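These protein sequences, in sequence, are chains A and B. For the first sequence, counting from 1, position 101 maps to 132 in the working numbering; every step adds exactly one. For the second sequence, counting from 1, position 30 maps to 91 in the working numbering; every step adds exactly one. Even glycine gets a Cβ: it sits at the ideal position worked out from N, Cα and C. Small disclaimer: the values here were computed from a predicted structure and weren't measured.
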Amino acid sequence: MSDTDPVELLLESARDETRDDEFHVTGVMMQYYAVCKRELWFESRNIEIDRENAAVVRGTQVDESAYEDERRNLSIDGTIAIDVLEDGRVMEVKPSSSLVEPAKLQLLYYLWYLQRVVGVERDGVLAHPRERRREPVELTEENAEWVEGAIRGIHRVINRESPPPAEEKPFCESCAYHDFCWSC
Amino acid sequence: MNDNYHIFSDGRIERHNDTVRLVGLDDEKSYLPIENAEALFLHGQIDFNTRVMSFLDDHGVAMHVFGWKDYYAGSVMPERGQTSGRTVVEQVRAYDTPERRRALARKFIRGSIHNMRANVSYYDGRGHEFGDVIEQLDTQQERLEPELDVSELMGVEATARRAYYSVLDDVLPDGFVFGGRQYNPPDNEVNSLISFANSLVYANVVSAIRATALDPAVSFLHEPGDRRYSLALDIADMFKPVLADRVIFRVVNRSQVTLEEFETDLNGCLLTESGRKTVSKAFEETLNETVEHPRLNRKVSYQYLLRIEAYKLKKHLLTGEEYVPFERWW
Numbered sequence: 032m033s034d035t036d037p038v039e040l041l042l043e044s045a046r047d048e049t050r051d052d053e054f055h056v057t058g059v060m061m062q063y064y065a066v067c068k069r070e071l072w073f074e075s076r077n078i079e080i081d082r083e084n085a086a087v088v089r090g091t092q093v094d095e096s097a098y099e100d101e102r103r104n105l106s107i108d109g110t111i112a113i114d115v116l117e118d119g120r121v122m123e124v125k126p127s128s129s130l131v132e133p134a135k136l137q138l139l140y141y142l143w144y145l146q147r148v149v150g151v152e153r154d155g156v157l158a159h160p161r162e163r164r165r166e167p168v169e170l171t172e173e174n175a176e177w178v179e180g181a182i183r184g185i186h187r188v189i190n191r192e193s194p195p196p197a198e199e200k201p202f203c204e205s206c207a208y209h210d211f212c213w214s215c
Numbered sequence: 062m063n064d065n066y067h068i069f070s071d072g073r074i075e076r077h078n079d080t081v082r083l084v085g086l087d088d089e090k091s092y093l094p095i096e097n098a099e100a101l102f103l104h105g106q107i108d109f110n111t112r113v114m115s116f117l118d119d120h121g122v123a124m125h126v127f128g129w130k131d132y133y134a135g136s137v138m139p140e141r142g143q144t145s146g147r148t149v150v151e152q153v154r155a156y157d158t159p160e161r162r163r164a165l166a167r168k169f170i171r172g173s174i175h176n177m178r179a180n181v182s183y184y185d186g187r188g189h190e191f192g193d194v195i196e197q198l199d200t201q202q203e204r205l206e207p208e209l210d211v212s213e214l215m216g217v218e219a220t221a222r223r224a225y226y227s228v229l230d231d232v233l234p235d236g237f238v239f240g241g242r243q244y245n246p247p248d249n250e251v252n253s254l255i256s257f258a259n260s261l262v263y264a265n266v267v268s269a270i271r272a273t274a275l276d277p278a279v280s281f282l283h284e285p286g287d288r289r290y291s292l293a294l295d296i297a298d299m300f301k302p303v304l305a306d307r308v309i310f311r312v313v314n315r316s317q318v319t320l321e322e323f324e325t326d327l328n329g330c331l332l333t334e335s336g337r338k339t340v341s342k343a344f345e346e347t348l349n350e351t352v353e354h355p356r357l358n359r360k361v362s363y364q365y366l367l368r369i370e371a372y373k374l375k376k377h378l379l380t381g382e383e384y385v386p387f388e389r390w391w
C-alpha cells in the first residue's frame, strides 16, 4: 500500500486510469461507509447480496420510478452515476428519510467529485419521493472535509484483511447481509 | 419462494404464457406455481426445451434430475449469483492449507455427531435404552482432536455413524430390518429409504451451495470429487439425522410406507413410485417446518437452515471469522 493521502490517490486515479495503485470510490461505497463499514468491506470484495431481500427490491423500484420526466442519468468516469435535474442541480433519491446522513454524504461526494475532478460547481437536492420532501445540500468547506475524511476512512476499511466485526444496529434487520452476518 | 415440486410421472414440462405446464403422456395438463418455486425435482422421464429452461432461470428456479432408480443425475441451476472467482479462490486456499482444512472437516463431524446424538437421545427418552450408544457418540466427539488428519477424522465419523445406525433396528417397527448400511444398490427396505431420503437432502444442499457462489466440488472432509459435489456431502452429513432420518422414522412408524412399497429384484431393493411420492411429500413438509433461530431472532424453515449453512461457510472462507457447524439446538 502506498503512503499517498487517499484523497490525493483518488484524484490521481481519476486522471490516470493506468496507475497500479488505483483507488476509486463510488457513491454506494460512500453510503455504506456512513451506514456500516462491514457492509462496505463486503461490497469492496464483491461479496454478493441476496437480491430477493425485500429492502433491496424496494430501493431499486423507488430509484427507477421516481421523477422520471425531469431527470437525466449521468455516469462520470465510470465511477459515479448522478441524477441531474433540469435546473442543473444534482439529485439523490432515497426511498425513506430514515438514513438521511448516509444519503447526504453520498450526494456531497458527488458535488465534491464534480468540483475537484470535473471542475463543475453544482448544488444538490436530497429527495424523498415517498414523503414528498426535498432538502437542498451545499458543498461548504465543512462538508468537503466530511467527504475527504470519509474517503480516507473508506481507504482504511477496504484495505483491511478481514471485515470490521458485526455490530447490531437498528437497521440490521433490513440489510441484505443480515443473515450473512448474524447466522453465526 | 421455497417450495420444491417433485414430478414423478413421465411427460413434458413447457413454458405456457407466464407459467410452467406439465403435460403428461395422456395429454393431461397441470400447472406449477412457479412464483413460489425453489426447485423442480424430476424423477420421471421428462422432456423439456431451452425455452422453459430460460424461463426457470429468469425465476431463479433450479432443476434437479434423478435418473435410473432415482440416483441423483445432476442439476440445472439458475445463472444468477453463482459465480465469484474470489469465493472459489478462498475456498481452494482453505482446502490447500492443512490446518484450515482439518479444522473445517472437524467442525462438520462435530455437527454430524451432535445431530445423530440428538436423535438417539430422543428415542432414549421414549422407551428405548440407548445409553451405551450415546456414550459411544460422546467418545467419538471427544476424539476430535486438532492434530487428527482428514482420514483419521473420517474414521471417527464412520465409527460414530455405525454406532448411530445400530439403533435403527430397535426404533423401526417389526418387519423393517436394517442390519447395517448398504448402498449401490441398497439391499433392503431400510437402506433403500435411507438412500432415497439422503439423495433429497443432498440435492437441496446442492441448491443451497450453488446459491452462494461456493464451488460444490471443493470440499474439506470428503475428498474433492471428480463426479460428485463433494462439498454437498460434507454439509449434507450434518443434516441427514435432522431431515432424512426423521422423515424415515415418521413415515414408517405411522405406516405411511409399508413393506408393500418396495420392489426387490436381484439388483437390490427400491422404493416404488408411490413410496417415493409419500417420502418426498413428508420430506417437503419437514423442509417447510420452521424453528426459532436464536441469533436471527425469527423463525426459519429447515430448508433455509441449509442456505444459512452455506452462508456461514462462505463467510468463514472470505472473512476468517469462525465457522460454527449446524448443531440442532431445539
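- The beta carbon of B/Asp248 is closer than 7 Å to those of Gly329 and Cys330 in its chain, skipping five residues each way along the sequence.
- Between the alpha carbons of B/Leu275 and B/Lys338 lies a distance of about 31 Å.
- Interface criterion met: the Cβ of A/Phe211 is under 9 Å from a Cβ in chain B.
- In the three-state reduction of the DSSP assignment, B/Thr380 falls in the helix class, which pools H, G and I.
- DSSP places B/Ala98 in the uninterrupted beta strand (DSSP E) bounded by Ala98 to Leu103.
- Of all residues in the stretch 51 to 80 of chain A, the ones placed with a Cβ closer than 7 Å to any Cβ belonging to chain B are Arg76, Asn77, Ile78 and Glu79, in chain order.
- For A/Pro195, no chain B residue has a C-beta closer than 9 Å to its own C-beta; the minimum C-beta separation is roughly 10 Å.
- Beta-carbon to beta-carbon, B/Val308 and B/Ala343 are separated by about 5 Å, close enough to satisfy the 8 Å threshold.
- Three or more Cβ pairs closer than 8 Å define a contact, and the stretch 117 to 126 of chain A meets that threshold against the stretch 150 to 157 of chain A.
- For the stretch 115 to 156 of chain B, the continuous beta strand (DSSP E) assignments of 3+ residues that do not extend past its boundaries occur at 123 to 127 and 133 to 137, in sequence order.
- Excluding its 5 nearest sequence neighbours in each direction, B/Leu282 has C-beta neighbours in its own chain below 6 Å: Ala166, Phe169 and Asp295, listed in chain order.
- The closest CA to that of B/Glu196, considering only B/Val181, B/Val340 and B/Ala123, is found on B/Val181.
- Runs of the beta strand (DSSP E) spanning 3 or more residues and lying entirely within the stretch 302 to 331 of chain B occur at 323 to 326, in chain order.
- The beta carbon of A/Glu70 sits closer than 8 Å to those of Tyr63, Cys206 and Tyr208, all from its chain and outside the five residues before and after it, given in chain order.
- Between B/Arg147 and B/Met177 a beta carbon distance of about 35 Å is seen, past the 8 Å cut, so the two are scored as non-contacting.
- Under the DSSP assignment, B/Arg73 falls outside any alpha helix (DSSP H), being part of the beta strand (DSSP E) whose first and last residues are Gly72 to His77.
- Exclusion of the five residues before and after B/Gly172 leaves Met299, Pro386, Phe387 and Glu388 as the residues of its chain whose Cβ lies within less than 7 Å of its Cβ.
- Here B/Pro207 carries a coil assignment [DSSP, helix/strand/coil].
- Comparing alpha-carbon positions, the option among B/Val81, B/Ala164, B/Glu208 and B/Lys360 lying closest to B/Glu383 turns out to be B/Ala164.
- With respect to chain B, the C-beta atom of A/Glu192 has a partner C-beta closer than 9 Å.
- Looking at the DSSP output, A/Glu123 shares a beta bridge with A/Leu157.
- For B/Arg359, the enclosing beta strand (DSSP E) stretches over residues Arg359 to Ser362.
- Within the stretch 284 to 311 of chain B, contact with chain A at the beta-carbon level (separation under 8 Å) is assigned to no residue.
- Boundaries around B/Val181 are those of the alpha helix (DSSP H), Pro159 to Asp185, since no beta strand (DSSP E) includes it.
- DSSP places A/Arg187 in the uninterrupted alpha helix (DSSP H) bounded by Glu172 to Ile189.
- For A/Ser205, no chain B residue has a C-beta closer than 8 Å to its own C-beta; the minimum C-beta separation is roughly 13 Å.
- The straight-line gap separating the alpha-carbon atoms of B/Thr380 and A/Ile185 is approximately 18 Å.
- Among the residues facing chain A, B/Leu348 is not included, as its CB has no counterpart in that chain under 9 Å away.
- Contact with chain A is absent for B/Thr158, since none of that chain's Cβ atoms lies less than 9 Å from the residue's Cβ.
- B/Thr339: not part of any beta strand (DSSP E); member of the alpha helix (DSSP H) spanning Glu334 to Asn349, first to last residue.
- Per DSSP, reduced to three states, the secondary structure at B/Ala221 is helical.
- When DSSP states are grouped into helix, strand and coil, A/Lys200 belongs to the coil group.
- DSSP places B/Asp64 in the uninterrupted beta strand (DSSP E) bounded by Asp64 to Ile68.
- From the beta-carbon of A/Ser214, the residues of chain B found nearer than 7 Å are Arg356, Leu357, Ile369, Tyr372 and Lys373.
- When DSSP states are grouped into helix, strand and coil, A/Ile78 belongs to the coil group.
- Taking the CA atoms as reference points, B/Leu229 sits about 7 Å from B/Phe239.
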